[in-house]
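Asks: Could you have a look at this structure, given as structure tokens, before my questions?
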Amino acid sequence: MLIATWNVNSIRARKDRVLSWLDDHKPDVLCLQETKTVDQNFPVQEFLQAGYTVALHGQKTYNGVAICSRRPIQTTDTGFDDGITEDQARLISATVDGIHFISAYVPNGQEVGSEKYEFKLAWMARLRSFLDRRFDPQDAIVLCGDFNVAPEDRDVYDPIGWRGSILCSEAERGALQRIVDWGLVDTLRHHTQEAGLYSWWDYRQLGFPKNRGLRIDHIYCSAPMISRCAESRIDRDARKGKQPSDHAPVLATFND
DNA sequence: ATGGTTGCTTAGCAA
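My numbering puts the first residue of the first sequence at 1272, with every later residue one more than the last.
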């Protein structure tokens, strides 16, 4: 079972690229972030023609998450349902073959100490609470997304320059660790300790050609799933060429 | 400190 997660930075701008990538790689499940459109404008028909049903949680202009599956989607659910009023579409869950998939788009946070930064930390705490409330660590869970946090310095091209700044601050790393501590494993780190593996490169200042990137997109899974995880990697090639997303897809393969 | 790039929406925000 091949799983992928990809911040596409607008599904309408990236439609052809994503469909072509699906045709090339044929993942069983693809989690998307930053679809940036209301559900009625998501290219559902093209995805169906490509063999994928979609569970959508979008909004106008910003955010937006989705889960695409070649296998039947049994249940879907959106948001945290924690009683807090939410106007940002950042979380969707879907069950496929008894596995609970979650596609999460963690807030960027803009700048350490800002209002958006505090919102980010609170949102990450809500994600941990959501796991506590809805699931058991012995369930089959795959938590995918753009976490907007580089977990360690080896996930950052210039760790000295980035030290303490947004995407790398200690509080963000701590909030991510509390999510992991619920009972998750970083599938990529399960298979390699290599530094310099990135999933996002800034569009500006030749970030990609200079490989000035960060690893902020992750596939986490619970214990029953990590024992089945045969491989995990980042498809850096998908960041190449004309009109790419600023993120590359992350993949994980699980034995059936 | 600022600006650089892209997308959505059309001047400015978010990333």
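Note that the Cβ used here is the ideal one computed from N, Cα and C, for glycine as well.
Name the DSSP bridge partner or partners of R1504?
Replies: Taking the first sequence and counting its residues from 1, the one referred to as residue 1504 is at position 233. L1522, per the DSSP bridge assignment.
Asks: Let me make sure I understand the geometry here. Which of D1488, E1317, N1482 has the alpha-carbon closest to that of Q1276?
Replies: As a working mapping, residue 1276 is identified with position 5 in the first sequence. This sequence places Thr at residue 1276; Gln is not what is there. Looking at the Cα atoms, D1488 is the closest of the given residues.
Asks: Does DSSP classify N1278 as helix, strand or coil?
Replies: What you label residue 1278 is simply residue 7 of the first sequence in a count that begins at 1. If DSSP states are grouped into helix, strand and coil, N1278 belongs with the strands.
Asks: Give the C-beta separation of L1303 and A1321 to the nearest angstrom, bearing in mind that I take them to be a contact with Cβ-Cβ under 8 Å.
Replies: On the first sequence, position 32 is the one that residue 1303 refers to. On the first sequence, position 50 is the one that residue 1321 refers to. Wrong, their Cβ atoms sit about 13 Å apart, outside the cutoff.
Asks: Kindly indicate which three-state DSSP category T1458 falls into: helix, strand or coil?
Replies: As a first step, residue 1458 must be located in the first sequence, where it is residue number 187. The answer is helix: DSSP assigns T1458 an H, G or I state.
Asks: Nearest to L1392 by CA position, among S1498, A1466, L1273, L1438, is which residue?
Replies: Position 121 of the first sequence, counting from 1, holds the residue named residue 1392. Closest option to L1392, Cα to Cα, is L1438.
Asks: Just to confirm my understanding: we take W1394, look at its own chain, exclude 5 residues before and 5 after, and list those with CB closer than 8 Å. What are they?
Replies: Stepping through the first sequence from its first residue, residue 1394 is reached at position 123. If we look at W1394 and ignore the five residues flanking it on each side, its Cβ neighbours are R1361, V1377, P1378.
Asks: A1442 lies in the alpha helix (DSSP H); which residues open and close that run?
Replies: Residue mapping note: residue 1442 aligns to position 171 of the first sequence, counting from 1. That run of the alpha helix (DSSP H) goes 1441 to 1451.
Asks: If I measure Cβ to Cβ from A1446 and keep anything under 6 Å in the same chain, skipping five residues before and after, which residues do I get?
Replies: Locating residue 1446 in the first sequence gives position 175, where the first residue counts as 1. Answer for A1446: L1392, M1395, listed in chain order.
Asks: Closest by CA to A1501, which one among R1483, R1444, T1308, D1457?
Replies: Sequence index remark: in the first sequence, residue 1501 carries index 230 (1-based). That would be D1457, whose Cα lies nearest to the Cα of A1501.
Asks: Counting C-beta neighbours from all protein chains within 10 Å, is the total for G1380 16 or more, i.e. buried, or is it exposed?
Replies: Position 109 of the first sequence holds residue 1380. Buried is the call here.
Asks: The beta strand (DSSP E) that contains Q1304, what's its start and end?
Replies: Walking along the first sequence from the start, residue 1304 turns up at place 33. Counting along the chain, the beta strand (DSSP E) containing Q1304 begins and ends at 1300 to 1304.
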